[in-house]
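Student:
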Amino acid sequence: MSRREQSPGSDTLGRALSRNLLIGIALCYLVLFLVLPLLAVFTQALAKGLVAFSTALRDVDALAAMRMTLTVAAISVPLNTLFGTAAAWLVAKYEFRGKGFLLTLIDLPFAVSPVISGLIFVLVFGARGWLGPWLGEHGYKVIFALPGMVLATTFITFPFIARELIPLMQAQGRDDEEAALSLGASGWRTFWMVTLPNVRWGMLYGILLCNARAMGEFGAVSVVSGHIRGETNTLPLHVEILYNEYNFVGAFATASLLALLALLTLGLKSLLERRHPELRGARAEPGKARLAH
Amino acid sequence: MNPLHSRSTLLLAGLCLALLTACSSRQDAASAGAAATASLLNVSYDPTRELYEQFNAAFAAHWKAQTGVEVRVRQSHAGSGKQARSVIDGLEADVVTLALAGDIDSIASNAQLLPANWQTRLPQNSSPYTSTIVFLVRRGNPKRLFDWNDLVRPGIKVITPNPKTSGGARWNYLAAWGWALHQPGGNASTAADYVGQLYRNVPVLDSGARGSTTTFVQRGIGDVLLAWENEAYLAIKESGPGSFDIVYPSVSILAEPPVALVDKVAAAHGTTDLATAYLQYLYTPEAQEIIARNYFRPRDADVTKRHAEQFGQVNTMLSIADFGGWAKAGAEHFADGGSFDRIYRAD
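In order, the protein sequence lines correspond to chains Y and Z. Just add 44 to wherever you are in the first sequence, counting from 1, and you've got the working numbering. Just add 113 to wherever you are in the second sequence, counting from 1, and you've got the working numbering.
(1) Do we get a CB-CB distance below 8 Å when we pair Z/S138 with the residues of chain Y?
(2) Is it the case that the region 167-179 of chain Z contacts the region 192-208 of chain Z, given that we only count it when at least three CB pairs across the two stretches are under 8 Å?
(3) Below 8 Å, can you find three or more Cβ-Cβ pairs linking the region 376-391 of chain Z to the region 442-450 of chain Z?
(4) Out of Y/E317, Y/G180, Y/L167 and Y/H282, which has the shortest C-alpha to C-alpha gap to Y/S300?
(5) Where Y/G162 and Y/T113 are concerned, what is the direct C-alpha to C-alpha distance, given to the nearest angstrom?
(6) If contact is defined by three or more beta carbon pairs under 8 Å, each pair taking one atom from either stretch, is the region 228-237 of chain Y in contact with the region 110-127 of chain Y?
(7) For Z/A390, which of helix, strand or coil comes out of DSSP?
(8) Counting only beta-carbon separations shorter than 8 Å, does Z/Q188 have a partner in chain Y?
(9) Expressed to the nearest angstrom, what Euclidean distance is found between the alpha-carbon atoms of Z/S452 and Y/A256?
(10) Measuring only the C-alpha atoms, how far is Z/Y457 from Y/G294?
(11) Applying the criterion that 16 or more other CB atoms from any shown protein chain within 10 Å of the CB defines a buried residue, is Z/Q188 buried or exposed?
(12) For the region 303-319 of chain Z, which residues have a CB atom closer than 9 Å to at least one CB atom of chain Y, in sequence order?
(13) Distance, Cα to Cα, Z/S193 vs Z/K277?
(14) Which residue marks the beginning of the alpha helix (DSSP H) containing Z/H175, and which one marks its end?
(15) Mind pulling the beta strand (DSSP E) runs of 3 or more residues that sit fully within the region 229-253 of chain Z?
(16) Going by CA-CA distance only, name the one from Y/F296, Y/P321, Y/A297 and Y/Y287 that's closest to Z/P160.
(17) Taking the alpha-carbon of Y/V350 as reference, which of Y/D219, Y/R273 and Y/P211 has the nearest alpha-carbon?
(18) At 4 residues or longer, what runs of the alpha helix (DSSP H) sit wholly inside the region 256-328 of chain Y?
(19) Give, in chain order, every residue of the region 159-176 of chain Y whose Cβ lies closer than 7 Å to some Cβ of chain Z.
(20) In the region 182-212 of chain Y, which residues sit with their C-beta less than 9 Å from some C-beta in chain Z, listed in chain order?
(21) So Z/N169 and Z/V182 are supposed to be a Cβ contact under 8 Å. How far apart are they, rounded?
(22) Could you name the residues that DSSP lists as bridge partners for Z/F357?
(23) What are the boundary residues of the beta strand (DSSP E) that Z/I366 is part of?
(24) If you run the structure through DSSP and keep just helix, strand and coil, what is Z/Q426?
(25) I need the straight-line Cα distance from Y/F296 to Z/R323, nearest angstrom please.
(26) Would you mind telling me which residues of chain A sit closer than 7 Å to Y/N288, beta carbon to beta carbon, in chain order?
(27) Nearest CA to the CA of Z/S432: which residue from Z/N254, Z/N285, Z/A414 and Z/D263?
(28) Can you give me the start and stop residues for the alpha helix (DSSP H) that Z/V186 sits inside?
(29) In chain Y, which residues lie less than 8 Å from Z/D207 when you measure between Cβ atoms?
(30) Taking the straight line between their C-alpha atoms, what separation do you get for Z/T233 and Z/D435?
(31) Straight-line CA distance for Y/K143 to Z/G309?
(32) Check the Cβ-Cβ distances between Z/G203 and every residue of chain Y, and say whether any is below 8 Å.
(33) Would you mind reading off the limits of the beta strand (DSSP E) that contains Z/S222?
(34) Using a Cβ-Cβ distance cut-off of 8 Å, determine whether Y/R244 contacts chain Z.
(35) If we ignore side chains and look at the alpha-carbon of each, how far apart do Y/V116 and Z/Y396 end up?
(36) Do Z/A400 and Z/H420 have their C-beta atoms closer together than 8 Å?
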C-alpha cells in the first residue's frame, strides 16, 4: 500500500492501463471460448422454435438417453463419494509408506485419455479380454451394457471427490477426532459427528463436480457403450448421433440440456464458494499438500 | 484409536460392496424382463438408420401376422469398422448389416462367431441392396462437371475423404482408377497419373465420409463431392430440394453392403430362426420398396423399375471383383507403400 503511494503518477497510469488491457484480453477470451459457443448451442437448439425443441427432447431415444445418463451418474457418484471419503480419510489422517504413490494413483484418471480408459475396460472385460470369457460363460454382461458404462464413468470421475476432500481433511488435522475418541465416542460415531460435518461442504462441492463430469463423459463411455439405441446411449453419445444424422435441432436441444447442467453446477459451485470461503482456499491447496509429504 | 478407525473403514467397505451387489442384481432383473419378449440386436453402420427404422417396423408387423409374436429389433449404428470391432469384443449382435464384406470377414476370422463362407448363405453375395459412387455438385452444375475427366481440370475443387482412414473414400478412389483404366490406352500407369491429378485438386482430406459431406454441404467448400448415391440424396433432402444436383459419371463402382447372421450369438439367444427370417425379409418386394425409398438401390427388378428415375444410369458399373477383391485391392492401393502412398508422395 505504502509503495503505491510513493510511486509517480505515470507509473500508476501505466499500471491501470496494463490492468485494463489484461482484463480486456481475459474478457475477449471468455467471450470467444465460453460465451459464444454457449450462445450457439442455445440458438441452434431453438432455431426451429420451441415446439421443435421440446419434440426433440421428448423423443423416445432422447428420453432413454436421459434415463441412462441419470442411472450411470446415480451409481458412479455415490461409489466415488464412498471411495473418495475413504481415500481422503486414509491419506489425511494416517501416515504410511507409499502414500505419495497412492496420491498419484488417485490422480491417474486425470492423466489418462478417456478413450484409453474405455479401451482398458474392453481389454479386461471384452469377449476376448482377460475376464470377459469367464464372465460371459456365467451370464454376466459388462462391456456394452450398464455395468461397463458405470465402470468407465466411475474410473473417469474417480479423483474428483477425493481430491476435494484430501486438502480439506489435511488442513483440519486430527485434533477433533482425537478429542472425540478420548471422550469415549466410537470410531463410527466420530466419523458421523465430527469428521463428516467438518468436510460436508467440501464433499458436496466434490459431488457436484463429479456428477457434472459423470453426466458429460463422452470418450470412455463411447468405447464401452455399443451404441444400442434406446438402451446404452447416454446424452453425450446421443448428441453425436443426432449431429451425424443432420438433426441439428435435436442435437443442440440435447446439448443444451448438458449445457444447462453445467450452468447449474457452476451456479451451485459459486454459491457454495461464497457461503464457505474455506473451500476456495482448499482448492488451491493440493500442490502444497502434496509437497508436504 | 486405530482399531476403532479400522472398524469404520470395514463398515465403509461393506457399504461399497452392498451397493455393488445392489447394482448387479438390478441388472439381472432388467435382463430377465427383456428375455420375455422376442428381441434382436442389429449392429449396423452409420447411414442405414432411417432404412432400418422403417424396415424393422415392417418386419415386426409381418412377424406378428405370421407367428403372433411381438418382436423388438434394437439398433446400434457407428462406423462399420468400429462396429465389427465391437462385435468381436462382445457386442451381442444377432445380425450384422455393415458397409464392407471385409468387416464381417474380420468377425468370422477373429472371433469365429460365424462361418467363413457366410457370404454364400443369402442371395446376391448377401447384399440385399447396393449403392454406387456419384458426383454431388452445386445447383445447376455451374462448373459443368459431367464425368471423371472434368474433375482434373485446373481450379476444380474435389471433396473426398482420406482413403487411408475411410471405407467410402476407397470406393471413390477405385471408381476413379477404374474410369482411367477404361479410357482408350488406359493402363496402371495412366490410371495412377489420372488419380494423382485428381487428388491434387482435393483441398481437404477429411477422415470419414460424413466429414466430407459436412465440408461440402455445410461449410460450402469445393465444387464437387464424391459420395455414395444414398448419402448424396440424403444431403439433398436435408438441405432442401434444388440445393444440389447429382451427376452420374460414365464409369462407377457398385458397392454391395452385406448382411449376415451372427450364428453363435443368435444360437445363444435362441433367435436363429427369427434372425434368419429377418434377413430374408430384406429380399421381399415390401422391404425392397423401403430400401428404394431410402435411396439404396434395390435388387428386385420391379421395384427398381418403379424407382428408375431416382437411380441414374451408369454406363460401366464396375465391382470390387474387377479389382481382384478387397484383399488384393487393399494391398495394391491402400496399404503402406501402395498406389495411394506413391501418388501422394509424388506431390
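Glycine residues also receive a C-beta, built at the ideal position from the N, C-alpha and C atoms.
Tutor: Per the coordinate set shown:
(1) Here residue 138 of chain Z corresponds to residue number 25 of the second sequence, with the count starting at 1. Residue confidence for Z/S138 is low, a pLDDT of 39 falling below 50, so the modelled location carries little weight and cannot support an answer.
(2) no
(3) no
(4) Reading the first sequence from its first residue, position 256 is the one you call residue 300 of chain Y. When only C-alpha atoms are compared, the closest one is Y/H282.
(5) Residue numbering aside, residue 162 of chain Y sits at position 118 when the first sequence is read from its first letter. Residue numbering aside, residue 113 of chain Y sits at position 69 when the first sequence is read from its first letter. Their backbone Cα atoms lie some 17 Å apart in a straight line.
(6) no
(7) The residue you call residue 390 of chain Z lines up with position 277 of the second sequence. Correct three-state label for Z/A390: helix.
(8) For the purposes of this step, residue 188 of chain Z is taken as the residue at position 75 of the second sequence. So, interface residue.
(9) Counting from one through the second sequence, the residue named residue 452 of chain Z turns up at place 339. Counting from one through the first sequence, the residue named residue 256 of chain Y turns up at place 212. When rounded, the distance between both Cα atoms is 48 Å.
(10) Sequence index remark: in the second sequence, residue 457 of chain Z carries index 344 (1-based). Sequence index remark: in the first sequence, residue 294 of chain Y carries index 250 (1-based). Cα-Cα distance, rounded: 39 Å.
(11) Indexing the second sequence from 1 puts residue 188 of chain Z at position 75. Result: buried.
(12) none
(13) Walking along the second sequence from the start, residue 193 of chain Z turns up at place 80. Walking along the second sequence from the start, residue 277 of chain Z turns up at place 164. Cα to Cα, Z/S193 sits roughly 15 Å from Z/K277.
(14) As a first step, residue 175 of chain Z is located in the second sequence; it is residue number 62 there, counting from the start. Segment R162 to T180, the alpha helix (DSSP H) holding Z/H175.
(15) 242-251
(16) As a position in the second sequence, residue 160 of chain Z is number 47, starting the count at 1. Cα-wise, what sits closest to Z/P160 is Y/Y287.
(17) Only positions 45 to 337 of chain Y appear in the structure, and residue 350 of chain Y is not among them; the question remains open.
(18) 263-269, 279-288, 292-319 and 321-327
(19) V166, G170, A171, R172 and G176
(20) G183, Y184, K185, V186, I187, F188, A189, L190, P191 and V194
(21) Here residue 169 of chain Z refers to the residue found at position 56 of the second sequence. Here residue 182 of chain Z refers to the residue found at position 69 of the second sequence. Wrong, their Cβ atoms sit about 14 Å apart, outside the cutoff.
(22) Numbered from 1 along the second sequence, position 244 holds the residue referred to as residue 357 of chain Z. Per DSSP, Z/R251.
(23) As a position in the second sequence, residue 366 of chain Z is number 253, starting the count at 1. Z/I366 -> beta strand (DSSP E) spans V364 to A368.
(24) As a working note, residue 426 of chain Z is residue 313 in the second sequence. Coil at Z/Q426, not helix or strand.
(25) Sequence index remark: in the first sequence, residue 296 of chain Y carries index 252 (1-based). Sequence index remark: in the second sequence, residue 323 of chain Z carries index 210 (1-based). C-alpha separation (whole angstroms): 18 Å.
(26) In summary, chain A is missing from the structure at hand, where the protein chains are Y and Z.
(27) For this step, residue 432 of chain Z is matched to residue 319 along the second sequence. The residue with the shortest Cα to Cα distance from Z/S432 is Z/N285.
(28) For the purposes of this step, residue 186 of chain Z is taken as the residue at position 73 of the second sequence. First-last for Z/V186: V184 to A191, but that is the beta strand (DSSP E), not the alpha helix (DSSP H).
(29) Position 94 of the second sequence, counted from the start, is the residue given in the question as residue 207 of chain Z. Within chain Y, no residue comes near Z/D207; the closest Cβ sits about 12 Å away, beyond 8 Å.
(30) By one-based count along the second sequence, residue 233 of chain Z stands at place 120. By one-based count along the second sequence, residue 435 of chain Z stands at place 322. If you take the alpha carbons of Z/T233 and Z/D435, they lie about 19 Å apart.
(31) For the purposes of this step, residue 143 of chain Y is taken as residue 99 along the first sequence, with counting starting at 1. For the purposes of this step, residue 309 of chain Z is taken as residue 196 along the second sequence, with counting starting at 1. Taking the straight line joining both Cα atoms gives about 60 Å.
(32) In the second sequence, the residue the question calls residue 203 of chain Z occupies position 90. Closer than 8 Å to some Cβ of chain Y, the Cβ of Z/G203 qualifies, so yes.
(33) Here residue 222 of chain Z refers to the residue found at position 109 of the second sequence. From DSSP, Z/S222 is part of no beta strand (DSSP E) but of the alpha helix (DSSP H) over A214 to A224.
(34) Sequence index remark: in the first sequence, residue 244 of chain Y carries index 200 (1-based). By this cut-off, Y/R244 is not an interface position.
(35) As a position in the first sequence, residue 116 of chain Y is number 72, starting the count at 1. As a position in the second sequence, residue 396 of chain Z is number 283, starting the count at 1. Roughly 40 Å between the two C-alpha positions.
(36) Translated into the one-based positions of the second sequence, residue 400 of chain Z becomes position 287. Translated into the one-based positions of the second sequence, residue 420 of chain Z becomes position 307. No, they are not a contact pair.
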